[in-house]
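Below you can see the structure in the form of structure tokens.
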């Protein structure tokens with residue numbers, strides 16, 4: 002066997018022999034690893050497709066659109082009023098450690114069954130504090146969305162950011 006390897010090395014060179022060995026290892030990996038994984042993947046994709054088709058045929062077609070719409074609006078039917086939600090927003094700001102100015106909010110009431118309270122809050126703090134505030138607000142207040150965030154830094158080296166955050170709070174009309 003060593004005579005054969007020596008003969009191949011002399012004939013092909015070390016680089017060609019290494020390339021041949023690498024090719025053999027790649028072929029072995031293809032047969033032993035990649036093909037079985039591809040097979041498992043296609044089996045799982047087939048099962049997901051069958052489950053998805055079964056789910057669609059079982060219930061989604063049987064639900065009345067009016068029921069779906071009422072269920073959607075039911076999500077916004079909360080016991081808390083605007084002052085409770087604003088207190089939770091204040092609590093999230095306090096818990097995150099940010100500095101915040103006076104918030105401005107106004108109610109818009111376009112067509113539909115929801116009142117929208119647009120809330121604008123100037124805050125300042127580190128990036129992590131602002132992120133923690135936004136995450137806490139969205140977690141504590143399930144009927145709020147962050148619509149816009151404007152970040153400013155006085156100097157590039159400053160760790161402190163000034164931000165203007167625009168939220169919308171959605172409440173069911175009485």
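Numbering (the numbering used here), first residue to last: 2 to 175. Quick reminder that beta carbons are idealized off the backbone N, C-alpha and C, glycines included. Given the structure is predicted, the values throughout are model-derived calculations rather than measurements.
Worksheet item: Nearest-angstrom Cα distance between residue 33 and residue 19?
Response: 21 Å
Worksheet item: How many Å lie between residue 174 and residue 116 at the Cα?
Response: 6 Å
Worksheet item: Going straight from the alpha carbon of residue 11 to that of residue 44, what length do you get?
Response: 48 Å
Worksheet item: If we call anything under 8 Å between Cβ atoms a contact, is residue 139 one with residue 77?
Response: no
Item to complete: Along the alpha helix (DSSP H) that carries residue 90, what are the first and last residues, could you check?
Response: 83–97
Discussion item. Here's the rule I'm using: 16 or more other beta-carbon atoms within 10 Å means buried, otherwise exposed. How should residue 74 be labelled?
Written reply: exposed
Discussion item. Please state the DSSP three-state secondary structure of residue 123.
Written reply: strand
Worksheet item: From this set, 141, 165, 159, which residue's C-alpha is nearest residue 151's C-alpha?
Response: 165
Discussion item. Please determine whether the Cβ atom of residue 44 lies at a distance below 7 Å from any heavy atom of the ligand SAH.
Written reply: Judged by which ligands are present, the structure shown has none, so any question about the ligand SAH falls away.
Worksheet item: Just how far apart, CA to CA, sit residue 97 and residue 36?
Response: 50 Å
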